[in-house]
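Read the sequence shown against our numbering and you will find it ends at 1009, with the numbers running on by one and no gaps.
Working notes for the structure below.
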Amino acid sequence: MGDILQYFLNGLARGSIYSLVALGLVVIYQGTGHLNFAQGEMSLFATFGAWWINDHGVPLWLSILLAASFAFVGGGAIEFGLIRPAAKKSPFAVVVVTIGLFQAFNSLSGLLFKGAATGLSFGTIFPNKPKDFFRLPGGAVWRYENIGVLVTVLIITALLFLLFRKTKVGLAMRMVANNADSAKLSGVPTNKVLMLSWALSAAIGTIGCALVAGINTNVSLGTMFGVFLLASAAAILGGLDSPLGAVVGGLSLGVIESFVTNYPKDWWASTYIGADTATAAAFVIILVVLLARPSGLFGSTHVERV
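Okay, structure coming up:
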């Protein structure tokens, strides 16, 4: 029983990271209807910036906030200078631009930050000493660091829910995502909404990447690749227009990954089941869910009048 609870808690810890990165994807999709394939590498570049700021004597928590602020500005600038012109041509052009940004930010990180390929030491803003944990029934432990990450995800989710559902800005973002032309005719400043979506997404992604680096105790060029892949799956599973869905999807994938990787105890399981199998199992579940509900578990169902 203790092992099962421990696997569940470990899955929540990993799933919290997937959820936070997925939230960044949902923010862009809510506001623009596009997917940002460079989300992980943009966040990684900003996190390297946080490392650099911290390396010059600034407290880590402030370094992360400053990096997220720079990412906010940079995300808006990218939308204005690259995404907006591409979107005027075709949705496929946006895909091409984001893939190009993926490669550009990855290469730029390796060029500017010496040691990025092998990894740079990165701390955590949460208590992570050996004694920093709660001991639960059955011998399972829940580390303060993992609790801190989960609480951070829940706070950001609540703020995004309030933004999208309770403010005029959130309503404008949803209107633009559904039909930009109609939103513009209704007086919505579509360009500002699009810029804000990219800015928010970049800032949220930076916080997520910094938390990943803290858990891993280092940040490298490969930090976000696997995380972004599963975060994208989490966003699709939960619904690309649902912050709550992103969180549920991320936590679910984290728990599935933990159980598939750790729970089987037979010799054949330890031989043939690993991280790759866990990822495959997660995507099989996603396919089954999407066959039953294409919009995701919490996504909105769109009805078109013909």
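Using N, Cα and C, we set each Cβ at its ideal position, and we do this for glycine too.
No experiment lies behind these values; they were computed from the predicted model shown.
Mapping DSSP to helix, strand and coil, what is Val761?
Here Val761 sits in coil by DSSP.
Within the same chain, show all residues whose beta-carbon is closer than 8 Å to that of Gly708, passing over the 5 residues directly before and after it, in chain order.
The question names Gly, but residue 708 is Leu in the sequence shown. Cβ neighbours of Leu708 beyond the five flanking positions: Leu839, Pro840, Gly841 and Ala843.
State buried or exposed for Ser904, treating a residue as buried only when at least 16 other CB atoms are found within 10 Å of its CB.
In the assembly as shown, Ser904 is a buried residue. Its beta-carbon has 16 or more other beta-carbons within 10 Å.
With H, G and I counted as helix, E and B as strand and the rest as coil, what does DSSP make of Arg846?
DSSP places Arg846 in strand when its eight states are reduced to three.
In the structure shown, what three-state DSSP assignment does Phe836 receive?
It is a strand residue.
So for Leu1000, helix, strand or coil by DSSP?
Residue state for Leu1000 is assigned as coil, using DSSP reduced to three classes.
Consult DSSP for Ser961 and reduce its assignment to one of helix, strand or coil.
The answer is helix: DSSP assigns Ser961 an H, G or I state.
Beta-carbon proximity of Leu1000 to Leu932, cut-off 9 Å
Not closer than 9 Å, so no.
Report yes or no: do three or more beta-carbon pairs, one from the segment 716-726 and one from the segment 879-893, lie closer than 8 Å?
Per the Cβ contact rule, the segment 716-726 is not in contact with the segment 879-893 (fewer than 3 Cβ pairs under 8 Å).
If I'm right that Gly952 touches Ser998 with Cβ under 8 Å, what's the distance once you round it to whole angstroms?
Contact flag wrong, Cβ pair sits at about 12 Å.
Give me, in chain order, the residues of the same chain whose beta-carbon lies closer than 7 Å to that of Trp901; leave out the 5 immediate sequence neighbours on both sides.
Excluding sequence neighbours, Trp901 sits near Ile731, Gly778, Gly779, Ile781, Glu782 and Ile786.
Using the Cβ count rule (16 or more neighbours within 10 Å means buried), how would you classify Gln806?
Residue environment analysis places Gln806 among the exposed positions, since fewer than 16 neighbouring C-beta atoms fall within 10 angstroms of its C-beta.
Assign Leu804 to buried or exposed, taking buried as 16 or more other Cβ atoms, counted over all protein chains shown, within 10 Å of its Cβ.
Per the 10 Å Cβ criterion, buried.
Alpha carbon to alpha carbon, what distance is there between Thr926 and Cys912?
Computed Cα separation, rounded: 8 Å.
Alpha helix (DSSP H) segments (min. 4 residues) lying fully within the segment 753-832
The qualifying runs are 763-781, 787-792 and 794-815.
Nearest to Ile988 by alpha carbon, out of Asn809, Leu956 and Ala938?
Among Asn809, Leu956 and Ala938, the Cα nearest to that of Ile988 is on Leu956.
Pairwise C-alpha distance: Tyr847 and Gly929
Gly929 and Tyr847: Cα-Cα distance of roughly 24 Å.
Count the other C-beta atoms from every protein chain shown that fall within 10 angstroms of the C-beta of Trp971, then say buried if there are 16 or more, exposed otherwise.
In this predicted model, Trp971 has a pLDDT of only 46, less than 50, meaning its place in the structure is not dependable enough to derive any value.
Pick out whichever of Ser935, Ile918, Leu865 and Ser945 has its Cα sitting closest to the Cα of Gly826.
Of the residues Ser935, Ile918, Leu865 and Ser945, the one whose Cα lies closest to the Cα of Gly826 is Ile918.
Find the nearest neighbour of Leu763 within the set Ala725, Thr870 and Ile910, judged by alpha-carbon distance.
Here the closest residue by C-alpha is Ile910.
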